[in-house]
Structures are given as structure tokens and as C-alpha cells.
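Colleague:
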Amino acid sequence: MATPMNLTTSSDEEAQVHRSTQPKRLSPAMLFAGAAGVAAAVLLACHASGSMSRAAPQSMTVRALLESDELAGVMTHNIMAFSGDADQEHVQRRVVAGLGEIRDAIREQQPAAHEKMGSLTLSPTQKQAAMRVLK
């Protein structure tokens, strides 16, 4: 029985090496899914760490946390570690845009939930617990 011929040319091999060394780009759908998962994890961690209060010193609303630079920074770090993408500015812009899309979708599709996210406050302990889950 004859052995199969290798039809891979050097240019094919170079293209494969080039593709395998390029950082992976995340699709908008993948970023949105990741951001939605993070938002769910934040709410779950807040619920698990204790009840959400209506007022507390140095508190932050759930919506403010979703829109915060701190959350965007943690998500950027996690996505870069997962995807191997080295362009932090690009990933950060995509994360901020994805979080904005989540906020807008909640506001448009679930206005009562959006309003509640703006009124429910997290204590510093609850915020730290939520951020710990995400790190």
C-alpha cells in the first residue's frame, strides 16, 4: 500500500504558523456572552454574601458596579488571559462596549430590572465579594 503524499507547501506551513501565533480576536457575541456571565456572577455573589441593602455608607448600586472601570478592568484582564490577546486597549474598548450593550438591553427589555439595579446598593463587603468571584 502506498503512503499518502504530503501536499502541504512551505507557504501553507508558514500560513499555519502565522495563524497560530496571532492573538485570538473575540467576536462580539463571545464578548457579550462573557459580559452577561460576569453580570450574573456579580449578582449571584452579592446575593450569596448577604442581602442587598437600600442604603449604606460608601455603597455602590448594582448598576454602578456594572458600569464601573473596576469591573471593566477585571473583565479585560480575564479576557486577555483567556484569549491570549495582548492588545489591552482593544480588549478594554470591547469590554466597555459590551457592558454598555448589556446595560442598554436590560434598560430596553426589562425596564423594571434596570430601575431596580439603580436603586439596590451594595456594601463594600458585598462589592468585594462580587469582585473576588470575578478575579
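Counting from 1, position 91 in the sequence shown corresponds to residue 274 in our numbering; the numbering is continuous, with no gaps.
The C-beta atom is built at its ideal place from N, Cα and C for all residues, glycine as well.
1) How would you write the range of the alpha helix (DSSP H) that Ala312 sits in, first residue to last?
2) Where does Gln271 land, buried or exposed, given buried means 16+ other C-beta within 10 angstroms?
3) Smallest Cα separation from Thr244: which of Ala313, Leu317, Val257?
4) Does DSSP put Arg277 in a helix, in a strand, or in coil?
Modeller: Based on what the coordinates show:
1) 307 to 317
2) exposed
3) The option with the nearest alpha carbon to Thr244 is Ala313.
4) helix
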